[in-house]
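Asker: Here it is: the structure, laid out below.
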Amino acid sequence: MNDSVSWAVLLRGTAAFRRGLLALGLWAAALLPAAGLAQDAPRPVTPLDGALERVTVHGTSLEGNLVGDDPDRPVSVYLPPSYDASPERRYPVVYVLHGFTDSDRGWFGWEEHFVNVPAALERGMEAGTVREMILVVPNAFTAYEGSMYSSSVTTGDWETFVAEELVGYVDRNYRTLPDRDSRGLAGHSMGGYGTLRIGMKRPDVFSSLYAMSPCCLEARLEPDSAAVAEARAITHPDQVPEADFLTKIVLAWAAAWSPDPNDPPLYLDLPWANGARQPGVVAEWAANAPLALMHQHVPELRRLAAIGLDAGAQDQPIASNTRAFAEGLAAYGIDHTVEIYDPGTHVSRIDARVENHVLPFFSGRLAFSE
């Protein structure tokens, strides 16, 4: 999200909205020049003491998705400096979920980006604030440029892929501490949404969550008829890369939350059709909002050892919705931390937040082998 444009802009059909949309499109294009499923792994931008790998993980849960996304997913893995030198040692794992139109490549420093998680971890280790751990970022870039980490016949069962198949692969192939107490889940924007969505359902897999600038929390998430009309102008997934940012996000939400197996080739339903609001689709979207989901998952939320939330104060309505989610946790007596930092926009301080807040959070809460 562009520093000068808030998520609230996405829901307004005014001239200001259109100007903001242009800014969003330019930001997305500049930010992610190499997003997608390219498998080449060039030398990392920042030299590291640890090792980076880019592997492929097959998702049985992603097979047969209606838009034809490859169920073999690129996954970036960071192994800490002592991994090869200490062959008996096992490590906790933090799984990190990237945002919409983004990919693992940027978050792992294969290219210049607003964040480099392995480099942030090594700076924290040098400062003594972060312990050695394994980091994992799956690539969730889809035909609609983001999976929403949801379960849909259109784009696949991403919840199962992350919580079961990805975790299972990492535990089988690396020296992990294969227990929930040694697994954390974190994410930014769409990834923050995915962290809360998956984390509140799977405390059997992850013990600690940290959601940065989590998008899409509110049940009133609904674009106007003009925005949906632009999305409806897309008649095939192959046209999505050329669409503007708003059109992409509307289609991604619909593919994730209102899939339609009987409406090829997009296989989704939109909240407006023939000039009329579709209350059934609106209700389906609302049912996928964490501010609604949390009330159905209170027992699971209570099982989590730690929940961290943050957002930049200028990142509205994300900051307000993050605060509302924290207030919901507090109402149920569920322990958590929340910080609305000022100044802060959607991407302006993420690298520093990862280094100084997110990774120390997991270092202090996950179970280590020593």
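Counting from 1, one number per residue, gives the positions in the sequence shown under the working numbering. C-beta: ideal position from N, C-alpha, C; glycine also.
On the criterion of 16 or more Cβ atoms from any shown chain inside 10 Å, does Gly59 qualify as buried, or is it exposed?
Answerer: Here residue 59 refers to the residue found at position 59 when the sequence shown is read from its first residue. When all chains shown are included, Gly59 counts as buried.
Asker: Ordered along the chain, which non-local residues of its own chain (more than five positions away) have a Cβ less than 6 Å from that of Val347?
Answerer: For the purposes of this step, residue 347 is taken as the residue at position 347 of the sequence shown. Result list for Val347: Phe114, in chain order.
Asker: Please classify Asp157: does DSSP put it in a helix, a strand, or coil?
Answerer: Within the sequence shown, the letter at position 157 stands for residue 157. In this structure, Asp157 counts as strand in the three-state DSSP scheme.
Asker: Please tell me whether Gly192 and Ser213 are closer than 7 Å, where the distance is taken between their beta carbons.
Answerer: Taking the sequence shown and counting its residues from 1, the one referred to as residue 192 is at position 192. Taking the sequence shown and counting its residues from 1, the one referred to as residue 213 is at position 213. Result yes, Cβ atoms of Gly192 and Ser213 sit closer than 7 Å.
Asker: Which runs of the beta strand (DSSP E) at least 3 residues long sit entirely within the segment 56 to 138? Give them in chain order.
Answerer: Correct list: 72 to 79, 93 to 97, 134 to 138.
Asker: Note down, in chain order, each residue of its chain lying with its Cβ closer than 6 Å to the Cβ of Glu53, except the 5 sequence neighbours on either side.
Answerer: Within the sequence shown, numbered from 1, the residue matching residue 53 stands at position 53. Closer than 6 Å at Cβ, skipping near neighbours: Val77.
Asker: Rounded to a whole number of angstroms, what is the C-alpha to C-alpha distance between Arg175 and Asp84?
Answerer: Taking the sequence shown and counting its residues from 1, the one referred to as residue 175 is at position 175. Taking the sequence shown and counting its residues from 1, the one referred to as residue 84 is at position 84. Approximately 10 Å, taken between the alpha carbons.
Asker: My guess is that Thr155 and Tyr144 are in contact by the Cβ rule of under 8 Å, so how many angstroms apart are they, rounded?
Answerer: As a first step, residue 155 must be located in the sequence shown, where it is residue number 155. As a first step, residue 144 must be located in the sequence shown, where it is residue number 144. So it is a contact: roughly 7 Å between Cβ atoms.
Asker: Mapping DSSP to helix, strand and coil, what is Thr195?
Answerer: For this step, residue 195 is matched to residue 195 along the sequence shown. Correct three-state label for Thr195: helix.
Asker: At which residues does the beta strand (DSSP E) containing Val338 begin and terminate?
Answerer: Start at 1 with the first residue of the sequence shown, and residue 338 comes out as number 338. From DSSP, the beta strand (DSSP E) with Val338 extends over 337 to 341.
Asker: Are there any heavy atoms of the ligand ADP lying less than 6 Å away from the beta-carbon of Met294, as far as the coordinates show?
Answerer: By its list of ligands, the structure shown contains no ligand whatsoever, and the ligand ADP lies outside what it can speak to.
Asker: Is Ala34 helix, strand or coil by DSSP?
Answerer: Here residue 34 refers to the residue found at position 34 of the sequence shown. Bear in mind that a pLDDT of 38 at Ala34, under 50, signals an unreliable position, so the number given afterwards is only what the model happens to contain. Residue state, collapsed to three classes: coil.
Asker: Taking 7 Å as the cut-off, decide whether the C-beta atoms of Val358 and Ala186 are in contact.
Answerer: By 1-based counting over the sequence shown, the position of residue 358 is 358. By 1-based counting over the sequence shown, the position of residue 186 is 186. Cβ distance < 7 Å, so Val358 and Ala186 count as in contact.
Asker: Quick one: grab the DSSP three-state call for Met212.
Answerer: Locating residue 212 in the sequence shown gives position 212, counting from the first residue. Three-state result, Met212: strand.
Asker: Taking its Cβ as the centre, do 16 or more other Cβ atoms sit within 10 Å of Pro47, making it buried, or is it exposed?
Answerer: Taking the sequence shown and counting its residues from 1, one reaches residue 47 at position 47. Looking at its Cβ environment, which holds fewer than 16 other Cβ atoms inside 10 Å, Pro47 is exposed.
Asker: Out of curiosity, what's the CA-to-CA distance linking Leu135 and Thr195?
Answerer: In the sequence shown, counting from the first residue as 1, residue 135 sits at position 135. In the sequence shown, counting from the first residue as 1, residue 195 sits at position 195. Each residue's Cα considered, the two are about 15 Å apart.
Asker: By DSSP, does Glu54 sit in helix, in strand, or in coil?
Answerer: One-based indexing of the sequence shown puts residue 54 at position 54. The sequence as given places Arg at residue 54; Glu does not occur at that position. Three-state result, Arg54: strand.
Asker: Mark Val9 as exposed unless 16 or more other C-beta atoms lie within 10 angstroms of its C-beta, in which case mark it buried.
Answerer: Here residue 9 refers to the residue found at position 9 when the sequence shown is read from its first residue. For Val9, the pLDDT reaches just 41, beneath the cut-off of 50, and the residue's location in the model is therefore unreliable, leaving the point undetermined.
Asker: Using only the alpha-carbon positions, how far apart do Gly364 and Asp181 sit?
Answerer: Here the question's residue 364 lines up with position 364 in the sequence shown. Here the question's residue 181 lines up with position 181 in the sequence shown. So the two alpha carbons sit approximately 12 Å from each other.
Asker: Of the residues Val94, Ala127, Ala226, which one's Cα is nearest the Cα of Asn274?
Answerer: The sequence position of residue 274 within the sequence shown is 274, counting from 1. Of the listed residues, the one whose Cα sits closest to Asn274 is Ala226.
Asker: Is DSSP giving Gly280 helix, strand or coil here?
Answerer: Here residue 280 refers to the residue found at position 280 of the sequence shown. Three-state result, Gly280: helix.
Asker: Can you tell which of Gly64, His295, Glu111, Met148 has the C-alpha that lies nearest to the C-alpha of Pro371?
Answerer: The structure shown does not extend to residue 371, since the chain is modelled only from 1 through 370, so no value can be given for it.
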